[in-house]
Amino acid sequence: MEIIVGITGASGSVYGTRLLRRLRDSGLARTHLILSRSGERTAYLETGLLAADIRSLASHSYPHEDIGCRLASGSYQTAAMVVAPCSIHTMSAIANGISSNLMIRAADVILKERRKLILLVRETPLHLGHLRTMAALAEMGAIIMPPVPAFYHNPKTIEELVDHTIDRVLDLLGIPAPDAHRWNPK
41 MEIIVGITGA
51 SGSVYGTRLL
61 RRLRDSGLAR
71 THLILSRSGE
81 RTAYLETGLL
91 AADIRSLASH
101 SYPHEDIGCR
111 LASGSYQTAA
121 MVVAPCSIHT
131 MSAIANGISS
141 NLMIRAADVI
151 LKERRKLILL
161 VRETPLHLGH
171 LRTMAALAEM
181 GAIIMPPVPA
191 FYHNPKTIEE
201 LVDHTIDRVL
211 DLLGIPAPDA
221 HRWNPK
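All the letters of the sequence shown, read from the start, carry residue numbers 41 to 226 under the numbering used here.
#1: At the level of alpha carbons, what is the spacing between Ala147 and Ile134?
#2: Taking its Cβ as the centre, do 16 or more other Cβ atoms sit within 10 Å of Val188, making it buried, or is it exposed?
#3: For Ser115, is the classification buried or exposed, using 16 other Cβ atoms within 10 angstroms of its Cβ as the cut-off for buried?
#4: Pop quiz: Val161 and Ile184 are said to be a contact at Cβ under 8 Å. What is the actual Cβ separation, rounded to whole angstroms?
#5: Would you call the region 139 to 146 and the region 44 to 54 touching, i.e. three or more CB-CB distances under 8 Å?
#6: Terminal residues of the continuous alpha helix (DSSP H) containing Arg95?
#7: So, is Ile150 buried or exposed, given that buried needs 16 or more other C-beta atoms within 10 angstroms?
#8: Based on the DSSP output, what are the partners of Gly46 in its beta bridges?
#9: So His204 is in the alpha helix (DSSP H); what residue range does that whole segment cover?
#10: Closest by CA to Leu59, which one among Asn141, Thr118 and Ile158?
#11: Are the CB atoms of Leu171 and Met41 within a distance shorter than 9 Å?
#12: Where Val54 and Leu73 are concerned, what is the direct C-alpha to C-alpha distance, given to the nearest angstrom?
#13: Do you know whose CA, among Asp106, Cys126, Glu199 and Asn194, lies nearest Ser140's CA?
#14: What alpha helix (DSSP H) runs, 4 residues minimum, are completely inside the region 140 to 191?
#15: Is Ser113 helix, strand or coil by DSSP?
This is the structure we're talking about:
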């Protein structure tokens with residue numbers, strides 16, 4: 041399975057890096073990373089990871105500016121794209137078809153080819169323009185998945201909170217984690 045992972049400059053770069061690790065460790069997907077310049081900076085500030093460290097987690101990586109690479113064409117077969125985290129800027133550009141960089145163009149291709157686009161939108165609070173943009177994207181077929189933590193699995197660490205969200209992303213990709221915590225009231 042070919043999966044595109046985008047990491048933008050929104051806070052929460054740990055979601056993108058953890059998703060890359062989990063997909064790599066599953067052995068069930070080849071990943072194609074698009075890391076924005078602001079994503080590089082935020083990831084370093086939040087995790088201490090350099091861009092090279094993040095790129096090493098992916099099967100392939102592409103410059104954010106490489107609008108002519110294979111991910112920019114619907115003829116290249118990918119199963120899905122996850123933008124984790126997804127900034128409001130990127131979300132808005134995707135919704136309006138403003139393909140000014142590879143991240144947005146790849147998402148546009150995913151939508152036009154009716155493939156799965158999952159956006160872990162990281163912003164709060166949301167104003168009406170954000171909500172309308174999310175609604176427009178949902179109407180286009182995107183899955184809007186703000187990384188809102190659940191607590192029924194009694195997380196003890198931040199990693200457990202992050203992993204629970206990533207487990208849900210893996211479910212949506214059709215690669216369920218065998219050890220994912222599931223709602224199971226006693």
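The beta-carbon is built from N, C-alpha and C at its ideal position, and this holds for glycine as well.
So, to answer that:
#1: Position 107 of the sequence shown, counting from 1, holds the residue named residue 147. Position 94 of the sequence shown, counting from 1, holds the residue named residue 134. When rounded, the distance between both Cα atoms is 7 Å.
#2: Here residue 188 corresponds to residue number 148 of the sequence shown, with the count starting at 1. Val188 is exposed by the Cβ-count criterion.
#3: The residue labelled residue 115 in the question sits at position 75 within the sequence shown. Exposed, since its Cβ has fewer than 16 Cβ neighbours within 10 Å.
#4: Indexing the sequence shown from 1 puts residue 161 at position 121. Indexing the sequence shown from 1 puts residue 184 at position 144. Right, their Cβ atoms sit about 6 Å apart.
#5: As far as the Cβ criterion goes, the region 139 to 146 touches the region 44 to 54, which means the pair count is three or higher.
#6: Position 55 of the sequence shown holds residue 95. Element bounds for Arg95: Ala91 to Arg95.
#7: Taking the first residue of the sequence shown as position 1, residue 150 is located at position 110. With 16 or more neighbouring CB atoms inside 10 Å of its own CB, Ile150 falls in the buried class.
#8: In the sequence shown, the residue the question calls residue 46 occupies position 6. Partner(s): Ile74 and Val123.
#9: Residue 204 sits at position 164 when you count from the first residue of the sequence shown. It spans Ile198 to Leu213 - the alpha helix (DSSP H) in which His204 sits, taken as one unbroken run.
#10: Position 19 of the sequence shown, counted from the start, is the residue given in the question as residue 59. It is Ile158.
#11: Position 1 of the sequence shown, counted from the first residue, corresponds to residue 41. Position 131 of the sequence shown, counted from the first residue, corresponds to residue 171. In this structure, Leu171 does not lie closer than 9 Å to Met41 by Cβ.
#12: By one-based count along the sequence shown, residue 54 stands at place 14. By one-based count along the sequence shown, residue 73 stands at place 33. Roughly 14 Å between the two C-alpha positions.
#13: Counted from its first residue, the sequence shown places residue 140 at position 100. Here the closest residue by C-alpha is Asp106.
#14: 142 to 152 and 168 to 180
#15: Reading the sequence shown from its first residue, position 73 is the one you call residue 113. Ser113: coil per DSSP, three-state reduction.
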